[in-house]
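Per the numbering used here, the very first residue in the first sequence carries number 67; after that it's consecutive. I have placed the structure first, in the form of structure tokens, so that the comments after it can refer back to it.
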Amino acid sequence: MVDIKLILEKPDYVVAALKKKLWDFDPEPIIELSKRRLELLQKVETIKAEHNRLTKSIPQIKKSGGDIAPVMAEIKALVSKTKEDEDELKDVEAKIKALVEVLPNLPDDDLEPGGKEDNVPFYHFGEERVFDFPMKNHVELAESLGLIDYKRAAKISGSGTWIYTNLGARLEWALLNYFIDAHLADGYEMILPPHILNYDSGYTAGQFPKFEDDVFWLEGSEPRKFILPTAETALVNLHRNEILPLNELPRKYFAYTPCYRKEAGSYRTEERGMIRGYQFDKVEMVQYTTQEGSDAAFEEMVNKAKALVEGLGLTYQVDKLAAGDCSHSMARTYDIEVWIPSMGIYKEVSSVSNAREYQARRGMIRYRDENGKTKYCHTLNGSGLATSRVFPAILEQFQQADGSVVVPLPLRKYLGGIEVLKPIKK
RNA sequence: GGAGGAAUACCCAAGUGGUCGAAGGGGGCGGUUUCGAAAACCGUUAGUGGGGUCAUGCUCCAGCCAGGGUUCGAAUCCCUGUUCCUCCGCCA
């Protein structure tokens, strides 16, 4: 949630910041409504104070055998005077909330304005491998190696899904364990959250009300519940409506969950296989920090994500996203993108973001600073990592002329020492 | 899924319509005592959101799970929801 005080005090700044995010924002209605709100609030509160005073005098009047009728008449007059204002106040407050809660987070000042095309790659690792044999794409490889079964997935579920089979399942599990062990080594706390969440969780994460249509809602649950699109939604709600002691910050969590999204499908025909599906596996990192601590935490998380990809020996790059390509709730995002040879492009395997106060404001996630003052936490999240692009990248980048694939070193111990995945005979 | 019960401040807990910003206890903090500590005793300790004001002060509004309602007045009564507990049923 954007700070309403900032909107009122520096509307031009907010307009300019949102413009960088390609968001056309007119602060006038909010400013007008806020003025009205204050007027009404003061009026209503003055009358309420008077009302309280009169009400408190009634027991004494009764005790001393006096007549309460005059006081009652006075109260009646007050109540009829304030009723309309009270209703309008509620209405105005609801309107303000509706206008503010849909605003995206303000981007950090140093971000480039614009959208996807304005992203700036600033770090590169590895070579874009040139093949001296006919290269296969990951769908072909996964099938010839017996790692993935798309046909049966379509049978038991539908399109946009896949089944990890045999060594494919084990390779997936190896990746997840490789990620998990790395986070544990770095002192992050492991969480396995419920996958079914309530509305407030989506609201705090900043996904609602804007993206209510992008998640899967459960039928027959009242109040309604949805299936998480990322573990971030669960992790960032762990401390909703809490005030954390200063000495417990930063808090570092990670969780493995599948992510369920309606966006699947092809948006591009080349996004075959497991590049984009309704369900994919991801290990997600989330940190809660002080306001001063979030920049360092951000660097730490970017470095962690880089280290994971680098440890696998994959060719990748890091992009600093332009303001407009950052997620709705985020002030800043770096994407780690892995080279997919068959597509000739880099695809996101991790997105590390700093939400600053945006989510904390929505979910009242606070801490007490050294002076005992409550402040909003900063929340950060980052994938570490999503497997659904890493898996194809491994197959494609590490394929050999005979159709086999070399298993990255750090995964072998999770695969019983298997070094090479070989094509299976039909 | 059905039937009951519960939710009060850091914790436990009293309070069933009227000065209740909520008894009492524990804990915390400060002090007396002590060389120091324990014990005892004394004192103190409501956080939060939002207004007003030159005011780290004073003051007003809201606030006893959440949201509505009844009433001049609600922690107390009514409705809805949430969570927890007990019992029954069902079950991977």
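Don't be surprised by glycine CBs; every beta carbon is placed ideally from N, CA and C.
Query                                                                                                                                     : Result
Same chain, Cβ closer than 6 angstroms to Phe199, five either side skipped, listed in chain order                                         : Ala467
His394, DSSP secondary structure in three states                                                                                          : coil
Beta-bridge partners of His190, as assigned by DSSP                                                                                       : Gln383
Asn420 and Ala389 closer than 8 angstroms at C-beta                                                                                       : no
C-beta contact flag for Ile96 and Ile162 at 8 angstroms                                                                                   : yes
Inter-stretch contact (C-beta, 8 angstroms, three-pair minimum) for the stretch 98-116 and the stretch 146-156                            : yes
Where Glu95 sits in the DSSP three-state scheme                                                                                           : Residue identity check: residue 95 is Pro in the sequence provided, not Glu. Three-state result, Pro95: helix.
Between the CA atoms of Ser146 and Gly448 - distance to the nearest angstrom                                                              : 54 angstroms
Terminal residues of the beta strand (DSSP E) in which Ile309 lies                                                                        : Glu308 to Pro311
Leu446 - DSSP class collapsed to helix/strand/coil                                                                                        : strand
Pro259 versus Ala220, Gly343, Lys202 and Thr323, residue with shortest Cα-Cα distance                                                     : Thr323
Met67, DSSP secondary structure in three states                                                                                           : coil
C-alpha distance - Glu206 paired with Gly482, whole-angstrom precision                                                                    : 25 angstroms
contact_flag[the stretch 366-379, the stretch 411-419] where n(CB pairs < 8 angstroms) is 3 or more                                       : yes
Cβ neighbour criterion (16 or more within 10 Å) applied to Asp391                                                                         : buried
Contact set for Leu72: own chain, Cβ-Cβ below 7 angstroms, skip 5 residues either direction                                               : Val80
Straight-line Cα distance separating Arg422 from Ala208                                                                                   : 40 angstroms
Neighbourhood of His249 by C-beta, 6 angstroms cutoff - its chain only, sequence neighbours within 5 removed                              : Phe320
Close-in-space but distant-in-sequence residues of the same chain around Asp280 (CB under 8 angstroms, 5 per side omitted)                : Gln273, Pro295, Arg327, Lys328 and Glu329
At least 3 beta-carbon pairs within less than 8 angstroms: the stretch 99-107 vs the stretch 171-188                                      : no
Contact under 8 angstroms by Cβ, Gln463 with Arg236                                                                                       : no
When Ser360, Lys156 and Glu403 are compared against Thr381, the one with the closest alpha-carbon                                         : Glu403
Paired residues, beta bridge with Tyr322 - DSSP                                                                                           : Val349
CB contact flag (Ser395, Asn171, <8 angstroms)                                                                                            : yes
N- and C-terminal bounds of the beta strand (DSSP E) containing Phe245                                                                    : Unbroken run through Phe245 is the alpha helix (DSSP H), Asn232 to Ala251; no beta strand (DSSP E).
Between the CA atoms of Phe91 and Gly331 - distance to the nearest angstrom                                                               : Low per-residue confidence applies at Gly331: pLDDT is 49, beneath 50, and the placement is therefore not dependable enough to give any value.
Test item: CB-CB of Gly343 and Ser223 under 8 angstroms                                                                                   : no
Neighbourhood of Glu238 by C-beta distance below 8 angstroms, restricted to the same chain and skipping five residues each side           : Tyr230, Asp347, Thr453 and Phe457
Contacts around Ala459, its chain only, beta-carbon distance under 7 angstroms, and the 5 residues preceding and following it disregarded : Leu380, Val404, Trp405 and Ile406
Beta-carbon proximity of Pro311 to Thr355, cut-off 8 angstroms                                                                            : no
8 angstroms Cβ cutoff met for Leu451 and Val471                                                                                           : no
Nearest residue (CA-CA) to Ile262, options Ala251, Glu167, Ala300 and Asn232                                                              : Ala300
Residue nearest to Lys87 in terms of C-alpha spacing, selected from Pro179, Glu365, Tyr254 and Arg478                                     : Pro179
Rounded separation between Gly132 and Glu159 - CA only                                                                                    : 41 angstroms
Helix, strand or coil at Ser364 according to DSSP, with G and I counted as helix                                                          : Looking at the sequence shown, residue 364 is not Ser but Phe. DSSP places Phe364 in helix when its eight states are reduced to three.
For Pro77 and Glu167, believed in contact at Cβ under 8 angstroms, the rounded distance                                                   : Rounded, the Cβ-Cβ distance is 17 angstroms, inconsistent with contact.
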